[in-house]
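Novice: Before I ask anything, here is the structure I am working with.
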């Protein structure tokens, strides 16, 4: 079985979802494409949306990263507009969404209700209360490198249902296998069973 990397930034990795940067060329491997909050340009909004739509090829697994971020220059209104537009595109093309969120978690819920496809919160490293709120609204959570050393996050992962979990390297330089072994230990299951569950979860979100 494979060590699937749900969200990564390394080109030409076959067993995972590559995060395609804005205006970059579509790769031959599985990828996601979206307009990250940090890249939003209100003056080039139409061009950005056109690029996104034109990037949705057969290898495009998901729309994202997209979402909400209180630390970037784009204001709340334009972020909301761009996020909603990407939700509409995901609905049109039947693609799940990989969500980036910083300090605006409570605002995600109304957007979730507009989505016909699953939403996966990537790089999740928040407290149990935030996880509980997201899980109760049927989000998936993708965990990365902090699980290897953050005890609070390990406890949160332990409480997260297996059918709502993905694992990723994001832009960190480490081996995804290390994360699978740590999570299998935390969840008290075999690595093989964890791999099978991740595969099942992928099929579930792919089929909406």
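In the numbering used here, the protein residues as written are 2 to 209.
We treat Cβ as the ideally placed atom computed from N, Cα and C, and that holds for glycine.
#1: Taking the Cβ atom as the reference point for each residue, do residue 118 and residue 209 lie within a distance shorter than 7 Å?
#2: Leaving out the 5 sequence neighbours to the left and right, which residues in its chain are closer than 7 Å to residue 42 when beta-carbon positions are compared?
#3: According to the neighbour-count rule (16 or more other Cβ atoms, all chains shown, within 10 Å of its Cβ), is residue 130 buried or exposed?
#4: If we count Cβ pairs, one from each stretch, closer than 8 Å, do we get three or more for the segment 108 to 116 versus the segment 74 to 94?
#5: Pick from 184, 9, 51 and 207: whose alpha carbon is nearest that of residue 150?
#6: What three-state label does DSSP hand residue 8 in the structure shown?
#7: State yes or no: is the C-beta of residue 1 within less than 7 Å of the C-beta of residue 10?
#8: Using the three-state DSSP reduction, which class does residue 60 fall into: helix, strand or coil?
#9: Whole beta strand (DSSP E) runs in the segment 89 to 158 with 3 or more residues, listed along the chain?
#10: Starting from residue 33, trace the beta strand (DSSP E) both ways and give me its first and last residue.
#11: For the candidate residues 140, 54, 74 and 194, whose alpha-carbon lies nearest to that of residue 110?
#12: For residue 207, which of 126, 190, 33 and 53 has the nearest alpha-carbon?
#13: Residues in its own chain within less than 6 Å of residue 154 by CB, not counting five upstream and five downstream?
#14: Starting from the C-beta of residue 180, find all residues in its chain whose C-beta is less than 6 Å away, skip the five residues before and the five after it, and write them out in chain order.
#15: Report yes if the CB atom of residue 56 is closer than 7 Å to the CB atom of residue 27, and no otherwise.
#16: Which class does residue 190 belong to by DSSP, given the choice of helix, strand or coil?
#17: Taking buried to mean at least 16 other C-beta atoms within 10 Å of its own C-beta, is residue 137 buried or exposed?
#18: Who does residue 167 pair with in a DSSP beta bridge?
#19: Per DSSP, which one or two residues make a beta bridge with residue 19?
#20: Report, in whole angstroms, the separation of the C-beta atoms of residue 166 and residue 144, which I expect to be a contact under 8 Å.
Specialist: The answer reads as follows:
#1: yes
#2: 49
#3: exposed
#4: yes
#5: 184
#6: strand
#7: No answer is possible for residue 1: the residues shown for the chain start at 2 and end at 209.
#8: coil
#9: 98 to 103, 120 to 122 and 141 to 144
#10: 32 to 34
#11: 140
#12: 33
#13: 126, 147 and 148
#14: 168
#15: yes
#16: coil
#17: exposed
#18: 143
#19: 9 and 32
#20: 7 Å
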